[in-house]
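Some notes on the structure that comes next.
Next comes the structure, spelled out in structure tokens:
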């Protein structure tokens, strides 16, 4: 039987328009576009379409046949916080192979990771401001990030993809003036956070653009398994450094900032932003304590095995990167890694976009994507 | 000025043409300078060097190099664009801006046309800017451009209301639509014995009118925080997305010309135009020109300063500022100014 459909009156048939949004940034060419269905300027549906940035990290890792050789590839997963990717992977391998790491190396890793966290958050905050049309904070953030990169360059010889942390230790010892450089950075950075707060955090235009926008309730965030500032912005106090401590994070005294909805609703773009700003201050605290406690002497290559003797088994280790939970699932054979799977926070966080962008305006969509702070290397491994 | 030119040059037609093209030369030189200034202001605010290389001293030749580059670029027109409208849009935009300059009194000796309906003419001609932006965006057959064009039309039409209201408040006090007359009545230093006779000092409510006027002209010349027509992170480049080469360059030139035009209007209406702040001291046709340009450039500088400090408003917030704050305040203010004029 033919189905009878009554034609809708013409005035009820509202026309929607499908447009491609992005690339927002030169680095997202071909790797991210958002298919937006808009009714006027109101977003009906936003579907992220991720493109081709295949580094084939997982496949490479399986075919290399050696745990040590995988480290440089982990760098490429999230190239804005490469040290965290290395550190997570190395910790997983060390746990799997039961390698003890010297004290000094642990402290060094923590300091470097926290420096990298600040650098990564600076980039996230800066580009978030840029998405909202504020150009100057972006460059201020980059000036500070540059100082961190100089320190990391002195340490590892590279500015972006470090390949510095290796299984059992570090590639080489830190330079002599590392401590003084880091202290200098910390002392110079505190006033800069204040400046950033003046320019962005308390700016009424910025608050109007971000408060009550892209609200992500805690329940939805947990259901989507969001992590990092995305989850903490929604008011859930969950930080793997504290809740499931790894390395030597349990020795330091620091707080977990969560979004409280100070200017809007809990879990809006401003909350995610402020969590990042406050995390930078917490990272400074950790670095200060670690610099004080770190032993001055010690061989960083002490526990590095000449040849890694693999053994059978499987392990999942998660660590806290600037963007959230990074997990490595490793199945190992006698001959080396059989399967390595990375669970990257950027991919998971991006998948929430359709859920929180419904009913927003096109201009809000920019703010929402900016507040998620994705790195496309982590979205498409 | 025209009579002087007619004395020097034998043909009166040539003299007239030279007389008419003087603002064009001014706009061209000013635009080169303003774009260079914009770079320098941004570089100082952002702690970076900026283009310091081209031409030696502080990279003075950078804009000239940019202009040469833009002229050489390929003139791309999208396949399905409406070719005639697409090509015309930047010129209509610039023509509207340029035509408005004819009633600005640059000094006591130079005004393009000292007509009785000067302000009225200026506001009418600048309305063409909206038309040309809509023309360009519609003709380029691009969804983002269309969104940008629609926003621009909405923004410019809305902000015209507070602009006109604040201009009207000045005219109530000045009692003339002729900008030359408005300027002449502001010469001298009599307010409280030492302040110049500028309208801004004559009536406390005119200060409010000036604040509203300034906010509105920032929106009218689409600068940050109201630069929604070309908000690059949302709309690619707004209405000018599909434009390339010198056509884009003319859009840019028109934006800067517009900034100067509205700043000069502000200087004439509130800050005495070419009148010297020191009474008879440093006054005269040449000094007058320097004074009005200084005042205008000060506003241009403030607009640049704002651009490198503030984020951008969203389109509905922009409308809300206009309709729920600026327009009611400007109406009430208008009435208050009228009352003040009646009482004192």
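Residue numbers (our numbering), protein chains in the order written: chain A, 42 to 422; chain B, 1011 to 1354.
Even glycine gets a Cβ: it sits at the ideal position worked out from N, Cα and C.
Owing to the predicted nature of the structure, the values given are computational and were not obtained by experimental measurement.
Delimiting residues of the alpha helix (DSSP H) encompassing residue i
i, result
"residue 1215 of chain B", "1214–1230"
"residue 1093 of chain B", "1093–1110"
"residue 1037 of chain B", "1022–1055"
"residue 1339 of chain B", "1337–1353"
"residue 300 of chain A", "Taken as a continuous stretch (DSSP letters only), residue 300 of chain A belongs to no alpha helix (DSSP H), as it is neither H nor E."
"residue 1195 of chain B", "Careful: residue 1195 of chain B lies outside any alpha helix (DSSP H) and carries neither H nor E."
"residue 284 of chain A", "281–284"
"residue 103 of chain A", "98–105"
"residue 1261 of chain B", "1255–1280"
"residue 324 of chain A", "310–334"
"residue 349 of chain A", "No alpha helix (DSSP H) contains residue 349 of chain A, which DSSP labels as neither H nor E."
"residue 1331 of chain B", "From DSSP, residue 1331 of chain B is part of no alpha helix (DSSP H); its letter is neither H nor E."
"residue 1073 of chain B", "1072–1082"
"residue 394 of chain A", "394–397"
"residue 1320 of chain B", "Element bounds for residue 1320 of chain B: n/a, residue is neither H nor E."
Residues that DSSP places opposite residue i in a beta bridge
i, result
"residue 89 of chain A", "A:75"
"residue 83 of chain A", "A:80 and A:402"
"residue 62 of chain A", "A:75"
"residue 382 of chain A", "A:370"
"residue 354 of chain A", "A:373"
"residue 1089 of chain B", "Beta-bridge pairing links residue 1089 of chain B to no other residue."
"residue 361 of chain A", "A:366"
Member of the options whose CA lies at the smallest distance from the CA of residue i
i, options, result
"residue 1274 of chain B", "B:1308, B:1160, B:1258 and B:1221", "B:1308"
"residue 978 of chain B", "B:1251, B:1097, B:1186 and B:1265", "Residue numbering for chain B in the displayed model covers 1011 to 1354; residue 978 of chain B lies beyond these limits and cannot be assessed."
"residue 320 of chain A", "A:333, A:292 and A:269", "A:269"
"residue 407 of chain A", "B:1332, B:1260 and B:1324", "B:1324"
"residue 1133 of chain B", "B:1317, B:1226 and B:1305", "B:1226"
"residue 1138 of chain B", "B:1196, B:1108 and B:1113", "B:1108"
"residue 383 of chain A", "A:395, A:400 and A:419", "A:419"
"residue 405 of chain A", "A:72, A:57, A:56 and A:79", "A:79"
"residue 114 of chain A", "A:88, A:97, A:291 and A:84", "A:97"
"residue 330 of chain A", "A:220, A:343 and A:127", "A:220"
"residue 367 of chain A", "A:59, A:346, A:344 and A:132", "A:132"
"residue 1304 of chain B", "B:1316, B:1321 and B:1285", "B:1285"
"residue 1103 of chain B", "B:1317, B:1327, B:1144 and B:1148", "B:1144"
"residue 1117 of chain B", "B:1024, B:1310, B:1334 and B:1032", "B:1032"
"residue 128 of chain A", "A:143, A:208, A:162 and A:293", "A:208"
"residue 421 of chain A", "A:403, A:123 and A:389", "A:389"
"residue 1258 of chain B", "B:1238, B:1097 and B:1051", "B:1097"
First through last residue of the beta strand (DSSP E) which encompasses residue i
i, result
"residue 424 of chain A", "The question about residue 424 of chain A has no answer here: the residues shown for chain A are numbered 42 through 422."
"residue 120 of chain A", "Residue 120 of chain A -> no beta strand (DSSP E), and no H or E assigned at all."
"residue 141 of chain A", "Per DSSP, residue 141 of chain A belongs to no beta strand (DSSP E) and is neither H nor E."
Any C-beta of chain B under 9 Å from that of residue i
i, result
"residue 42 of chain A", "With a pLDDT of 44 at residue 42 of chain A, under the threshold of 50, the modelled position of that residue is not reliable, and no figure is offered here."
"residue 174 of chain A", "yes"
"residue 405 of chain A", "yes"
"residue 335 of chain A", "no"
"residue 181 of chain A", "yes"
"residue 240 of chain A", "yes"
"residue 244 of chain A", "yes"
"residue 82 of chain A", "yes"
"residue 166 of chain A", "no"
"residue 186 of chain A", "no"
"residue 402 of chain A", "yes"
"residue 247 of chain A", "yes"
"residue 170 of chain A", "yes"
"residue 78 of chain A", "no"
Beta carbon proximity, residue i to chain A, threshold 9 Å
i, result
"residue 1342 of chain B", "no"
"residue 1305 of chain B", "no"
"residue 1018 of chain B", "no"
"residue 1169 of chain B", "no"
"residue 1050 of chain B", "no"
"residue 1148 of chain B", "no"
"residue 1173 of chain B", "no"
"residue 1157 of chain B", "yes"
"residue 1108 of chain B", "no"
"residue 1327 of chain B", "yes"
"residue 1228 of chain B", "no"
"residue 1235 of chain B", "yes"
Check: residue i C-beta below 8 Å from any heavy atom of the ligand NAD
i, result
"residue 337 of chain A", "Of the ligands one can find in the structure shown there are none, so the ligand NAD has no counterpart to examine."
Give, in chain order, every unbroken run of the beta strand (DSSP E) that is at least 3 residues long and sits entirely within the region 1105–1160 of chain B. Counting whole runs of 3 or more residues, the region 1105–1160 of chain B contains the beta strand (DSSP E) stretches 1115–1117.
Residue ranges of each beta strand (DSSP E) run of no fewer than 3 residues wholly in the region 189–264 of chain A, ordered along the chain? Listed in chain order, nothing qualifies, since the region 189–264 of chain A has no complete beta strand (DSSP E) run of 3 or more residues.
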